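Here the structure comes first, spelled out in structure tokens, and everything after it is commentary.
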Amino acid sequence: MAMLRSQSAVSPLEYSPPMERMDTHTRGSSHVSAGVITLPRLLPTPLPAPSVEVKLKRLVARIQADDVAAFDELYRLTRADVARTLFHLVGPRSDLEDLIQDTYVRLFKAVKSFRGESAFRTFLYRVCSNVALMNLRWWRRRHEELVEVLPEAADEANDPEACAQATQATRLVHRALEKLTAKKRVVFVYHELLGMGPEEIAEVTGTTYNTVRSRLHHARLEFADAMRAIAQVEVLP
Amino acid sequence: MSKHDTARLWALAADKLPPDEAAWAEHHVSECADCSDVLEGVRSARVALTATTRSAPVVHWERVDTAVSAAIAAKALKPSFGFKLALAGVPALVAAALVAAVLWPRPPAQALEAPQGAVAQAPQPASEVTGVLRAEGLLLVGPETSVLKSGGALAHGDVVRTALAGRGFLALPDKSVVRLGGATQVALTRTAADDIALTLEQGRLAVHAAHVKRRGFVVHTQGLAVRVVGTTFSVSTTREGVEVAVSEGRVLVEPPRGETMVVEPGQRVRFDTQKWKSSQGPLSPSQQQELSEVLAVAPMEPAATPAQPLAGLVVPERAAPAALKPLRVKVSVPAAGDAAATPKVQVVAAQAPRPVLPPEASPALPPAPLPAAPLPPPPPLEPAVAQDSEWNALPAPPPPVDVGPGPMVAPRQSAVELPDDLELLFLQRAQRAYEGGQCERYLLGLEELASDSRPNAGRSEQARVLRARCFDALGRSDKAQEEYRRYLRDYAAGRYAAEAARELNRLDFDGYPR
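Protein sequence lines, in the order shown, are assigned to chains V and U.
Numbered continuously in the numbering used here, the first sequence closes out at residue 237.
Numbered continuously in the numbering used here, the second sequence closes out at residue 1514.
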């Protein structure tokens, strides 16, 4: 253990599984030195229910054949998801409904070019992130503080106490998210709040897996610091 | 802190580490104060994030649905850039086709043999054609769904559907008018001049049934049959049940189980199609608006023909329409075995039917007349319809076009021509209602028109000021002030600005309406 510390000079939380406590070891066909620690692999996005994805793709095919009614159906199927995604990406905004509308107008124009190479949800989330990024940059340029009252978050459990706690937690989380840059915020929200995997986030944001990991790492640090700071402010009279 | 540590702490807090890693990390954290603090912060953050994951924003979906649907419908109807490019090339293509037709060698003329098995399709008689009066996001559903436009024609068997915020007005062969609400799908099951059957598959429709002799007029939905006898009514269907509202006349509702019900003017009856219970209530504002709109579009009827009872049905006599008295309707449904399932029968006072204004009716308050130009004077009334002076006569429909023995399948033609300016009609009727002191039911429609930001020859401006006057006449000075302020904000140099300023001054000073 001392040899490891002198060689790598890393923090104490470095983990060496028992089988790897050697100066060198072989994994597969490559040699891995003791200074390299295997990172916990971020979990990929859970696969959506196949019937939902198939249905969405069928609707997209109909939309591409100029079936406007199919877009109505697609809108009904996805609107709650889009609303929740935008809500977390941009925070409580009075223009959230405008952003939802903007998202679907963009989706209507962009769906013609959807070729089905990825899941439709990935495509939808990409549109959401584009709308959110534009909006976040717009707000940031104006240095406007978040002074709006958080709209009451609807809790499906209908439990008043749980609802109040969720509202309070949501308020704190959104305030902490305000401290992140737009790109980090998107990655953090998609991973931590929407449960997306890094590969899908990379596809949505048009970046690479490593870029996603890097942004996520920094976002987590900043988010944790922000939450701590907010909690201290909340406690102090 | 390194990337590795952060990732492990977050994974540990989320219980996503493999067991052996988790055990090691827990052991280390127990011995390291710094990491312990960090882990505690991460765990608090995770708790908050988990709670946030379950929350969702409160969205006014009606507003969003309307806005999205309108935006998409506008984009769908607008020809795309590619289409415009193609269109630009059409003249060249036509010229090329003409040249090819002239120069292409033709085969020698031969007698054409009639194709075997071909069945000659009789052309659709003009008396069975349904006209599309107005189409907003209206589609013809079929193997190839197409967008319908105002002036189009439909045949029996056609299925039409509206977009989320779409609307459609259809003129049936018997001169009845049907209004389709948003997200509505209707099949024209039978559309003959004396026999109409519609199937409401989803959504809502309002009908103004003409007072003509016919074999029947029925709307089917979810097993119910709504039969009409010269009425203005609406039917809407949802997963929970069916709702029937009547503005004029009456309808007979035949549930698959239970007795036939009679729904009178001003009544709204809801049928729970799961439990087959019914409940009653007054018309809702949205239903009043729908029924107003379909009435506004309905053609003026010639000398009213007394409604003929349907064969085989006994229609009880009704009292004079001017009397306002409560109605009691009994509905019996099969007992569900549960006392709580017994339907309640409510006694609901019927609203006063639509008043018939005598020609010499004088309004209680002298109205400020609208200045020149915007509203043309109504056409002179024919003597036979003087009793119903509220409605304007619409131009008579052109005679049906004789298609003749031309092609095997006759092309569809427009059966009815009506003016496009429905807003003008609506404004005229609202003005008259205001003069008669009965403008309240036009308020919703006036707001919709006033809020329309599209260029519409000043209709929005007129609607706003008429709304203000109506509120003033109804004694709602606060709403009148609000409308006048909105008018001055939107039309500071408008033609009614002086009136708005004057009325605001008066209302502010007095605090009371005149």
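Virtual Cβ for every residue (Gly too), placed ideally from N, Cα, C.
Small disclaimer: the values here were computed from a predicted structure and weren't measured.
The bridge partners DSSP lists for U/V1269 are U/V1244, U/Q1280. The beta carbon of U/A1197 sits closer than 6 Å to the beta carbons of T1189, R1190, V1218 from its chain, once the five residues preceding and following it are set aside; these are given in chain order. Contact residues of the segment 1128-1149 of chain U toward chain V are G1137, L1139, V1141, T1145, V1147 (C-beta to C-beta distance below 8 Å). U/Q1462: member of the alpha helix (DSSP H) spanning 1459-1473, first to last residue. Excluding the 5 residues flanking it on each side, U/A1163 has same chain C-beta neighbours closer than 6 Å at S1069, A1073, G1137, in chain order.
Listed by position along chain V, the residues whose Cβ is nearer than 7 Å to that of U/L1049 are V173, E192, L193. Within the segment 1181-1192 of chain U, those residues whose Cβ lies closer than 8 Å to any Cβ of chain V are, in chain order, A1183.
Each residue's CA atom was taken as its position, placing U/V1212 and U/D1174 some 7 Å apart. When C-alpha distances from U/C1439 are compared across U/G1142, U/R1469, U/R1454, U/E1448, the shortest belongs to U/R1469.
When secondary structure is reduced to three states using DSSP, U/L1444 falls in the helix class. At a cut-off of 7 Å between beta carbons, U/S1453 makes no contact with chain V. Listed along chain U are V1059, H1060, R1063, V1064, A1067, each with a C-beta nearer than 8 Å to that of V/E97.
Measuring C-alpha to C-alpha distances from U/L1009 to each of U/A1033, U/L1039, U/R1214 identifies U/L1039 as the nearest. Straight through space, the alpha carbons of U/T1184 and U/E1243 are spaced by roughly 14 Å. Contact between U/L1139 and U/L1133 does not hold, since the beta-carbon distance rounds to 16 Å and is not under 8 Å. No Cβ-Cβ contact shorter than 7 Å links U/V1159 with U/V1177.
When C-beta distances to chain U are compared with 9 Å, the residues of the segment 65-89 of chain V below that value are A65, D66, D67, V68, A69, A70, F71, D72, Y75, R76, R79, A80, A83, R84, L86, F87, H88, in chain order. Contact note: U/L1164 reaches chain V through D72, using a C-beta cutoff of 7 Å and chain order. Counting only Cβ-Cβ distances below 9 Å, U/S1044 has contacts in chain V at A224, M227, R228, A231, in chain order. Listed as beta-bridge partners of U/F1169 by DSSP are U/R1134, U/R1179. By the neighbour-count definition (other C-beta atoms within 10 Å, threshold 16), U/A1492 is an exposed residue.
Look at V/M196 here: in three-state DSSP terms it is coil, with no helix or strand label. Only E192, L193, L194, G195 from the segment 180-209 of chain V bring a Cβ to less than 9 Å from some Cβ of chain U. The beta carbons of V/G116 and V/H174 sit no closer together than 7 Å. The segment 83-90 of chain V makes contact with the segment 116-133 of chain V, as at least three CB pairs between them are under 8 Å. Looking from the CA of U/E1503, the closest CA among U/Q1289, U/P1018, U/Y1484 belongs to U/Y1484. Against V/V105, the close residues of chain U are V1068, A1071, I1072, K1075, in the order they occur along the chain (beta-carbon pairs closer than 9 Å). Excluding five sequence positions before and after V/L107, the CB atoms of its chain that fall closer than 6 Å to its own CB belong to V127, given in chain order. In the structure shown, U/F1426 falls within a helical segment according to DSSP collapsed to helix, strand and coil. In the structure shown, U/V1059 falls within a coil segment according to DSSP collapsed to helix, strand and coil. Distance between U/Q1267 and V/P160, taken at the CA atoms: about 37 Å.
Pairing U/L1180 with U/Q1202, the inter-Cα distance amounts to about 10 Å. With a 10 Å radius around the Cβ and a threshold of 16 neighbouring Cβ atoms, U/G1157 comes out exposed. Inter-residue distance for U/L1154 and V/A219 is about 59 Å (C-alpha atoms, whole angstroms). The segment 1023-1035 of chain U and the segment 53-69 of chain V do not touch, with fewer than 3 CB-CB distances between them shorter than 8 Å. The continuous alpha helix (DSSP H) containing U/Q1288 extends over residues 1285-1297.
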